[in-house]
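Protein chains in written order, with the numbering used here: chain C, 37 to 361; chain W, 3 to 360. Quick reminder that beta carbons are idealized off the backbone N, C-alpha and C, glycines included.
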């Protein structure tokens, strides 16, 4: 595991995103706080509808956050005016789930990758072409052969490589990856994961890696945060969190993850029920309706994230490890 | 468990499903596309068979061909599929309709598009009961509610009146299972039944399938790209690549003592929860072949680190390893006594250059 120094690149403070649905309000992200340290990869896992993608989008301000603050290198993103926010966002780039629809099928690969450079007018002419060629080489696409082809001529895995090249054009500090490998086959998925690891080292990137696949997230992350219904349940170093989960939900999630090995005795505690509607979340702890160890206290008092040692934090009144309150 | 000599033509009555040299070829504008290129296997009663492979490996086309669901035009199906004595290949629609539901049923990947959005789920479950089993309205309704209970849908009597859009993805898949099981099929084909569902819901659905298989005494074919799903839920597995079986055997054998390099590559490129973070993944260079341009040799040869000259010239046939129905198709197979791939934690040995060149 790489040594993580403690310089904060991105910090979310009580981030909230609320969508309106008619008269109703859905709080997709209901006040989450976390720090992203320089050079680390933070994995964000959870089931569909837990708000993990919305969190990523809110950090980029693709969807406006309705509360809380986002600090990027100390600057508060939500309080800036449009131009200032744009400038700040050069430091942040995002890669999306569907590689094919995130590229314009009728544009040439080298123009797609050069787009950020053209927008910001940071390089032109031979310098621009050199940067583009370099980026394409880095992601394993030969610019001499494929640079002039159209995006529609590439497979999903190759399109994801092109998206990655484009995201690196502005030399960002922070890369937000939203389910970047979930549409790919395992053999291609492994190629992309290895590529991201290599590029992270080479460009000194800090990454927020959003995914639902627990094995993928563990593989790439230094720390992992688990979300449930718009709240963070638990956050901690990957190996610690996977070996000794503190939140009952994390435990169930890991128990449901299937290991590709028939010899391993799979823990078999299936979590019953389904997540409640975010339109009408349970009072107190949001997991209490499905939690086997829930008590009255859980319904009344919302558990806050608290330290249980070694940078491992959990939001639970009765965590599986660490002293009870 | 199926018998070893599957090249032998005599039908063994204990096998529920006998597939012999099955081919499915699509006639496209760019030439014939052999989606399934000569597949033979047997499935015993109460057995669970996993079919794994990447996208385009032919696993879905294979399961649809077994079901007899291929359209008549532009598709050519060869070989034979014997299901409990019924020949599926070349059967008329009427003959197939007698088999569908009562002998073989299928669950599809996307429950939303498989269900009719404007019909109540109760009616959709009752439909086959009334048509196939000749039940009247009241009987069908009672049985449909029974089935909803069986697949674990809470308050089934109320849900009977629900429309598919009012249910979550996991619940819709349960409804699909209820429809499939309505007429007590002997064989259930499940094509990616849990893809697109969350892990906790996936576990629920797989548990449900396990349980139902026992109570209803069915055979199950589980088609999936997820090695984790087949690892614990199947008795035997088939690994497919470019429309052919490249390895088949008992699940434990294939995971532990696989001989075909593709099987190993697939296993090694799968991230594992039990490995520490930042474990370097093994990758397979390149990508799956274009089925329109298949060559004479082994389809995996261009991506294979163990390829020898013969591999690109001659296609290997499935050969028995000698142990219990374990077959593989490879000219230069991995050592049988090779170290188990699963324990090579942290190995950084590259399978080949991580690069994509088309």
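Within the same chain, 4, 44, 45 and 46 come within 7 Å of residue 17(W) by CB-CB distance, once the 5 residues on both sides are set aside. The residues 83, in chain order, have a CB closer than 6 Å to that of residue 68(W) in the same chain once the five nearest residues on each side in sequence are set aside. Within the stretch 221-262 of chain C, the beta strand (DSSP E) runs of at least 3 residues that lie entirely inside it are, in chain order, 242-246.
At a cut-off of 8 Å between C-beta atoms, residue 203(W) counts as an interface residue with respect to chain C.
For residue 34(W), the enclosing beta strand (DSSP E) has its first and last residue at 33-46. When C-beta distances to chain W are compared with 8 Å, the residues of the stretch 269-282 of chain C below that value are 274, 275 and 278, in chain order. According to DSSP, residue 29(W) shares a beta bridge with 34(W). Contact note: residue 57(W) reaches chain C through 221, using a C-beta cutoff of 7 Å and chain order.
If you draw a straight line from the Cα of residue 85(W) to the Cα of residue 156(W), it comes to about 35 Å. In this structure, residue 296(C) places its C-beta atom within 8 Å of the C-beta atom of residue 274(W). CA-CA distance, residue 183(W) to residue 166(W), rounds to 18 Å.
Taking 8 Å as the threshold, the shortest C-beta distance from residue 315(W) to chain C does not fall below it. The beta carbon of residue 288(C) falls within 8 Å of a beta carbon belonging to chain W, placing the residue at that interface. The C-alpha of residue 326(C) lies about 11 Å from the C-alpha of residue 306(C). Excluding five sequence positions before and after residue 52(W), the CB atoms of its chain that fall closer than 6 Å to its own CB belong to 224, 232, 236 and 239, given in chain order.
Bridge pairing for residue 340(C): absent [DSSP].
Distance from the CA of residue 186(C) to the CA of residue 211(C), rounded to the nearest whole angstrom, comes to 25 Å.
With contact defined as three or more Cβ pairs closer than 8 Å, the stretch 131-144 of chain W and the stretch 108-120 of chain W are not in contact.
Here residue 54(C) carries a strand assignment [DSSP, helix/strand/coil]. Residue 158(C) and residue 148(C) have their alpha carbons spaced roughly 15 Å apart.
Among the bridge pairs identified by DSSP, residue 75(C) is matched with none.
From the beta-carbon of residue 254(W), the residues of chain C found nearer than 8 Å are 298 and 299. Counting every other CB atom within 10 Å of its CB across the protein chains shown gives residue 108(C) a total of 16 or more, marking it as buried. When DSSP states are grouped into helix, strand and coil, residue 102(W) belongs to the strand group. Taking a beta-carbon distance threshold of 8 Å, residue 224(C) counts as an interface residue toward chain W.
Residue state for residue 349(C) is assigned as strand, using DSSP reduced to three classes. The C-beta of residue 155(C) has fewer than 16 other C-beta atoms within 10 Å across all chains shown, which makes the residue exposed. Taking residue 96(C) as the centre and dropping the five residues before and after it, the same chain places the C-beta of 125, 128, 130 and 212 closer than 8 Å to its C-beta, in chain order. For residue 65(W), there are no C-beta contacts with chain C under 7 Å, since the nearest C-beta of that chain is about 18 Å from it.
Here residue 264(C) is bridged, per DSSP, to 267(C). With its beta carbon at least 8 Å from every one in chain W, residue 166(C) lies outside the interface. Residue pairing for residue 88(W): DSSP places it in a beta bridge opposite 85(W).
The CB of residue 64(C) never comes closer than 7 Å to any CB in chain W; the least such distance is about 16 Å. Within the stretch 273-285 of chain W, the residues whose Cβ lies closer than 9 Å to some Cβ of chain C are 273, 274, 275, 276, 277, 278, 279, 280, 281, 282, 283, 284 and 285, listed in chain order.
The beta carbons of residue 209(C) and residue 242(C) sit about 6 Å from each other, so the pair counts as a contact at 8 Å. Shown here, residue 134(C) sits in coil according to DSSP, grouped into three states, outside any helix or strand.
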